[in-house]
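Report on the structure given below.
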Amino acid sequence: MTETPEEQGWATAKTLAEALPYIQRYDRETVVIKYGGHAMGEESVARLFAADAVLLKLLGLHPVVVHGGGPQISRMLEKAGVKSTFIDGLRVTDEATMEVAEMVLSGAINKEIANWITLAGAEADVRGVGLSGKDARLITVRKVERTKIDPGSQIEQSIDLGYVGEPTRIDPQLIQGLISADHDYIPVIAPIGVSAEGQTFNINADTVAGALAGALKAKRMLLLTDVTGVLGADGELIREMSIAQARDAIATGVASGGMIPKLETAIAAVESGVEAVVILDGRRPHAMLVELFTEHGAGTLITR
Ligand SMILES: Nc1ncnc2c1ncn2[C@@H]1O[C@H](COP(=O)(O)OP(=O)(O)O)[C@@H](O)[C@H]1O
Ligand SMILES: CC(=O)N[C@@H](CCC(=O)OP(=O)(O)O)C(=O)O
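Our numbering puts the sequence shown at residues 48 to 351.
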């Protein structure tokens with residue numbers, strides 16, 4: 048039986064009223080949202096994401112968006128005839144790759160998301176502000192060091208990932224200023240950092256989100272990706288995990304590839320005081336709203 052417009056109106060009002068306890072729970076709390084490159088599907092879906100970020104702001108939360116763009120960088124490199132190489136989920140980044148990565152992340156994707164937020168929030172003057180870790184030295188990094196044991200000689204060898212950085216210091220002042228001011232700004236951050244010497248580095252976006260969530264003492268970190276959440280060995284969605292279970296999933300190989308940096312980041316964020324991390328499917332419209340404002344939530348919830 049189809050609902051009349053009037054019945055639909057009553058149902059909407061009921062849904063809104065039911066969200067009250069959750070709206071109060073997150074009142075003035077910071078929520079770091081990592082919007083992955085795989086979650087950014089068609090432009091229409093990405094615009095819905097921007098509109099939902101505006102809604103969160105108007106409901107009294109402080110959303111801070113960190114975006115990825117791995118597949119988009121790979122496509123741009125492919126056009127130039129360059130093959131992408133990943134080691135443990137991290138892109139091997141030489142000088143030319145760094146230039147392309149910065150152009151795609153800070154130049155294109157960052158400004159596009161900030162612009163969609165500003166457009167979606169125009170009537171209430173909610174605005175997206177696009178930044179990278181280079182702005183106001185938001186993210187200082189050191190070069191990532193990786194080693195492997197050579198199977199023949201059994202000698203430990205270092206692997207050079209090039210300009211791949213890991214955050215050593217987050218200076219949250221600029222972000223805190225933006226979210227606490229009278230203006231309704233939503234910071235949008237590209238995963239680019241600088242070394243103490245000012246060299247530009249490429250950083251995994253999950254890692255940036257985790258470090259930022261810790262520094263901002265966020266209530267929640269949402270990792271929006273292209274799977275429903277963490278899947279167990281049986282392929283079923285795991286609804287809740289402790290950080291010990293997350294460590295197990297990595298050690299036993301249940302989590303592989305891109306899921307490894309996500310779980311590592313989730314563990315680090317929870318250990319640094321973030322109450323919970325949720326890994327969820329960002330391709331589904333309104334996934335963030337279901338997670339934050341309904342009893343059942345969405346995806347995999349990771350807590351201490
Ligand atoms: N146990 C697991 N549960 C869910 N996804 C997993 C698991 N192990 C590996 N993965 C892979 O991790 C991917 C998500 O990571 P990634 O591709 O880096 O996403 P994003 O671009 O959103 O950061 C999934 O698409 C899936 O292929
Ligand atoms: C060092 C490193 O691997 N950096 C990533 C940065 C973008 C990213 O993390 O994007 P997703 O979240 O969409 O995967 C890269 O170059 O692909």
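All residues carry an ideal CB built from backbone N, CA and C; glycine is no exception.
In this text the structure is predicted, and so the values were computed from the model without any measurement.
State buried or exposed for Met87, treating a residue as buried only when at least 16 other CB atoms are found within 10 Å of its CB.
Around the CB of Met87, 16 or more other CB atoms lie within 10 Å, so the residue is classed as buried.
Need the endpoints of the beta strand (DSSP E) that Pro198 sits in, please.
From DSSP, Pro198 is part of no beta strand (DSSP E); its letter is neither H nor E.
How many angstroms separate the CA atom of Arg362 from the CA atom of Thr341?
Outside the modelled stretch of the chain, which goes from 48 to 351, sits residue 362, for which no answer is possible.
Can you confirm whether the segment 151-162 touches the segment 198-209 when touching is taken to mean that 3 or more C-beta pairs between the two stretches lie within less than 8 Å?
The segment 198-209 vs the segment 151-162: no contact.
Would you say the beta carbon of Val92 is closer than 8 Å to some non-hydrogen atom of ligand 2?
Because no heavy atom of ligand 2 lies under 8 Å away, the Cβ of Val92 does not count as near it: no.
Nearest-angstrom Cβ-Cβ length linking Leu271 and Gly107, presumed shorter than 8 Å:
Wrong, their Cβ atoms sit about 21 Å apart, outside the cutoff.
Indicate whether the contact test is met: 3 or more Cβ pairs, each with one atom in the segment 132-151 and one in the segment 50-65, closer than 8 Å.
No contact exists between the segment 132-151 and the segment 50-65.
6 Å Cβ shell around Val359 - same chain, five flanking residues per side excluded
Residue 359 lies beyond the residue range present for the chain, which begins at 48 and ends at 351; the question has no answer from this structure.
At a cut-off of 8 Å, would you count Lys309 as near ligand 1, judging by its Cβ distance to the nearest heavy atom?
Lys309 Cβ: within cutoff of ligand 1.
Is there contact here, the segment 178-192 with the segment 214-234, by at least three beta-carbon pairs under 8 Å?
Yes, since at least three Cβ pairs between the segment 178-192 and the segment 214-234 fall closer than 8 Å, the two stretches touch.
Just verifying my parser: in three-state terms, what is the DSSP assignment at Ala265?
Here DSSP, grouped into helix, strand and coil, assigns Ala265 to coil.
Taking 9 Å as the threshold (C-beta atoms), are Ala252 and Lys81 in contact?
For Lys81 and Ala252, yes; Cβs fall inside 9 Å.
Measuring only from the beta carbon, is Glu85 closer than 8 Å to any heavy atom that is part of ligand 1?
According to the sequence as given, residue 85 is His; it is not Glu. Yes; taking the cut-off as 8 Å, the Cβ of His85 has a heavy atom of ligand 1 nearer than that.
So that I know if they touch, is there some Cβ in chain E lying closer than 9 Å to that of Tyr73?
Within the model displayed, chain E is absent; a lone protein chain is all it includes.
Span of the beta strand (DSSP E) around Leu105:
Per DSSP, Leu105 lies in no beta strand (DSSP E); the unbroken alpha helix (DSSP H) holding it starts and ends at 90-105.
I'd like the span of the beta strand (DSSP E) that includes Pro219, first residue to last.
That residue, Pro219, is in no beta strand (DSSP E); it is neither H nor E in DSSP.
Which of helix, strand or coil does DSSP assign to Ser242?
DSSP places Ser242 in coil when its eight states are reduced to three.
For Ala58, which residues from the same chain have a beta carbon less than 8 Å from its beta carbon, with the 5 sequence-adjacent residues on both sides left out?
Closer than 8 Å at Cβ, skipping near neighbours: Glu50.
Going by the beta-carbon positions, is the gap between Gly180 and Pro238 smaller than 9 Å?
Taking the C-beta atoms as reference points, Pro238 is found nearer than 9 Å to Gly180.
Taking contact to mean 3 or more Cβ pairs, one atom from each stretch, closer than 8 Å, check whether the segment 316-324 and the segment 258-269 are in contact.
Yes, they touch.
Here's a check: name, in chain order, each residue in its chain whose Cβ is nearer than 8 Å to the Cβ of Thr165, leaving out the five neighbours to either side.
So the list reads Val173, Arg174, Gly175, once near-sequence residues are dropped.
Along the alpha helix (DSSP H) that carries Arg72, what are the first and last residues, could you check?
Residues 67-72.
In the segment 155-186, which residue ranges form an unbroken alpha helix (DSSP H) of at least 4 residues, counting only runs that do not cross its ends?
The segment 155-186 contains these whole alpha helix (DSSP H) runs: 157-167.
Burial state of His114 (16 or more Cβ within 10 Å):
Classification for His114: buried.
Which first and last residues belong to the alpha helix (DSSP H) in which Met288 is found?
Where Met288 is concerned, there is no enclosing alpha helix (DSSP H), although the beta strand (DSSP E) it sits in stretches over 287-289.
Please classify His230 as buried or exposed, where buried requires at least 16 neighbouring CB atoms within 10 angstroms.
So His230 ends up on the exposed side.
Can you check whether the CB of Pro219 is closer than 9 Å to the CB of Leu178?
Not in contact: Leu178 and Pro219 (Cβ atoms no closer than 9 Å).
Hey, is Ile236 close to ligand 2, as in C-beta under 8 Å from one of its heavy atoms?
Judged by the Cβ position, Ile236 fails to qualify as a neighbour of ligand 2 at the 8 Å threshold, every heavy atom of the ligand being at least this far.
Assuming Asn249 contacts Val211 under a Cβ cut-off of 8 Å, what Cβ separation, rounded to an integer in Å, is found between them?
Going by Cβ atoms, the distance from Asn249 to Val211 rounds to 6 Å, so yes, they are a contact pair.
Cβ-heavy atom distance between Val211 and ligand 1 below 8 Å?
No, Cβ of Val211 sits at least 8 Å from all heavy atoms of ligand 1.
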